[in-house]
């Protein structure tokens with residue numbers, strides 16, 4: 024499983040090793056919730072976390088980008104040296120280069136002779152922590168298969184670390200750090216093993232095992248190497264941190280692949296669900312790094328929205344004022360700086376930005392109010408500045424404005440689109456919202472189809488995709504909660520927001536804009552919204568080849584070939600499902616609660632009925 028990285032940047036001082044670094048949190052998950060963004064290879068979920076049991080069961084994490092310097096940290100309980108078999112090596116963790124190697128990796132020789140092998144274990148006959156680390160010389164060609172031939176390693180060390188006593192009932196924190204060609208293992212912030220080498224840890228295809236390490240059992244000697252040797256071991260609170268600059272975590276641009284939005288570098292499909300910046304966007308001068316960080320933490324991290332939406336309009340010329348007048352012609356550099364800040368911060372947090380260039384002409388918020396009018400001299404000058412100053416930034420898209428049918432013509436939109444795409448290096452999707460509750464588009468030249476549909480549900484959303492299957496769809500009316508409501512026929516409540524998110528995805532992936540205009544904007548059911556995001560985004564379940572196949576269920580179904588099936592049904596305690604292909608794991612999630620997977624177990628291809636313990640809005644995943 025690959026990761027579209029969520030990065031939090033923190034400056035800290037490490038007293039033990041005496042250096043300063045910025046921390047970029049790549050993965051952070053509480054395994055006691057019974058779910059992981061990695062791939063669970065055997066083992067079980069227990070109340071306290073992940074329990075691998077005896078053997079080579081583990082959670083596998085595959086990284087989008089290798090981490091040259093960083094650390095892994097996790098908590099564990101159940102360690103008892105007395106229960107480890109004689110001469111046994113009990114494995115906690117492994118990390119290696121997976122280039123050219125099939126999973127699950129074998130000990131001989133793919134792991135044993137791996138260019139970037141690192142495993143941490145407890146050696147019974149030494150009663151000590153021990154680790155083996157190998158690194159390759161970066162000056163050599165190591166681009167075919169990450170295995171040294173004939174034991175000719177560039178560098179490898181395996182000193183024995185400290186001896187100490189474990190308490191089986193105590194939680195411990197292990198931190199495994201690689202930095203400045205130094206390799207260190209901490210237990211509860213104390214160094215227990217350390218070695219320094221001549222090379223950096225620089226794999227091509229970095230992979231991590233949690234819960235054991237690739238090893239073997241020797242029948243002749245009865246010796247276990249690197250397996251998990253204790254039934255009682257439990258792991259929770261896994262974290263992966265990079266000291267590298269976040270530019271390494273490059274997802275590329277927001278692009279289009281057939282009817283899906285994708286990240287162009289990773290190819291990961293996703294459904295953009297933007298949260299309205301709302302109060303902060305009314306006067307962009309009020310935005311600071313601190314209040315923007317708080318907004319991102321609340322709505323992208325805690326709620327699970329994939330990005331931020333706002334309108335600029337007259338603020339292009341005078342920050343704090345959305346009104347456009349005939350005299351407006353000089354772009355306000357402070358506005359550009361604020362938009363740049365938003366784009367950069369949101370991209371670093373793993374999201375994207377979508378802004379409306381203009382607003383509504385009845386409120387004098389469009390280029391039509393300038394002397395030159397639509398695509399006149401003033402607007403072209405603005406577009407030049409946008410292309411020059413914002414164009415090089417990744418992770419943003421733009422639409423022309425709203426209520427376009429009242430003030431702009433098709434040929435003018437085509438001219439705008441052509442003007443921007445003629446600029447060297449331009450790579451940002453552009454759209455233009457259509458008429459109210461109509462499938463027609465004002466311009467068919469845009470990069471995605473855009474609709475102003477008031478509270479669309481599954482059937483309308485499916486129609487949007489089917490009407491123009493060659494490009495992604497965006498239902499670009501803002502779905503708002505607001506009391507009192509001037510437009511109750513189209514406004515939402517919390518339950519409709521949650522269900523709307525599921526409908527937009529189960530229909531095949533229609534982008535949307537959401538916002539709670541009451542109070543501080545925090546949704547009362549934000550854990551339910553986050554559950555949706557964990558299911559789809561953190562687990563990378565939305566695929567570029569996903570298609571509807573409702574004949575397989577009594578609800579809605581999305582499938583990716585015969586590899587992944589998702590079934591969804593509301594107000595039910597029975598969900599029928601059929602799938603083909605090889606044996607798969609089946610899990611159920613109550614979408615009305617915080618995210619928790621109910622393991623149904625492995626199933627052969629066939630037709631089944633999930634009988635839920637109670638009625639709710641249920642989703643099943645077969646993978």
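Numbering (my numbering), first residue to last: 24 to 646.
Note that the Cβ used here is the ideal one computed from N, Cα and C, for glycine as well.
Run through the DSSP bridge pairs and tell me what residue i is partnered with.
i           : result
residue 97  : 197
residue 263 : 50 and 95
residue 299 : 332
residue 538 : 503
residue 453 : 421
residue 112 : 146 and 248
residue 431 : None, per the DSSP bridge assignment.
residue 280 : 283
residue 469 : Paired residue(s): none; residue 469 is not in a bridge.
residue 85  : 230
residue 475 : 459
residue 171 : Looking at the DSSP assignment, residue 171 forms no beta bridge with any residue, so it has no partner.
Span of the beta strand (DSSP E) holding residue i?
i           : result
residue 623 : 621–626
residue 592 : 587–602
residue 13  : Because the chain here runs from 24 to 646, residue 13 falls outside it and cannot be looked at.
residue 634 : 629–645
residue 73  : 72–74
residue 381 : Looking at the DSSP string, residue 381 is not in any beta strand (DSSP E), and its letter there is neither H nor E.
Could you tell me the alpha carbon to alpha carbon distance between residue i and residue j, rounded to whole angstroms?
i           : j           : result
residue 674 : residue 276 : Because the chain is modelled from 24 through 646, residue 674 falls outside the range shown and cannot be assessed.
residue 396 : residue 439 : 12 Å
residue 181 : residue 246 : 18 Å
residue 198 : residue 65  : 24 Å
residue 502 : residue 513 : 8 Å
residue 633 : residue 611 : 8 Å
residue 425 : residue 456 : 6 Å
residue 619 : residue 57  : 6 Å
residue 564 : residue 89  : 22 Å
residue 560 : residue 400 : 42 Å
residue 364 : residue 357 : 10 Å
residue 389 : residue 416 : 24 Å
residue 79  : residue 361 : 50 Å
residue 303 : residue 144 : 51 Å
residue 51  : residue 202 : 20 Å
residue 134 : residue 266 : 25 Å
residue 73  : residue 250 : 16 Å
residue 387 : residue 278 : 32 Å
residue 281 : residue 524 : 21 Å
residue 486 : residue 466 : 18 Å
residue 526 : residue 496 : 13 Å
residue 427 : residue 383 : 7 Å
residue 437 : residue 430 : 14 Å
residue 410 : residue 193 : 57 Å
residue 339 : residue 441 : 21 Å
residue 121 : residue 230 : 6 Å
Assuming residue i contacts residue j (C-beta within less than 8 Å), just tell me the rounded distance between them.
i           : j           : result
residue 476 : residue 299 : The pair is not a contact, with the Cβ atoms about 17 Å apart (cut-off 8 Å).
residue 168 : residue 123 : 4 Å
residue 157 : residue 137 : 6 Å
residue 331 : residue 369 : 5 Å
residue 108 : residue 235 : Contact flag wrong, Cβ pair sits at about 14 Å.
residue 599 : residue 614 : At roughly 17 Å, the Cβ-Cβ gap does not stay under 8 Å, so residue 599 and residue 614 are not in contact.
Which first and last residues belong to the alpha helix (DSSP H) in which residue i is found?
i           : result
residue 371 : 356–371
residue 556 : 549–556
residue 215 : First-last for residue 215: 213–219, but that is the beta strand (DSSP E), not the alpha helix (DSSP H).
residue 618 : Neither: residue 618 is in no alpha helix (DSSP H) and is coded neither H nor E.
residue 314 : 312–319
residue 400 : 400–408
residue 485 : 481–490
Using 10 angstroms around the beta-carbon of residue i, count the other beta-carbons present and answer buried if the total reaches 16, otherwise exposed.
i           : result
residue 349 : exposed
residue 463 : exposed
residue 241 : exposed
residue 640 : buried
residue 163 : exposed
residue 449 : exposed
residue 594 : exposed
residue 226 : buried
residue 67  : exposed
residue 606 : exposed
residue 447 : exposed
residue 528 : buried
residue 184 : buried
residue 41  : Per-residue confidence for residue 41 stands at a pLDDT of 37, beneath the threshold of 50, marking its modelled position as unreliable; the derived number appears in the next sentence. Label assigned to residue 41: exposed.
residue 345 : buried
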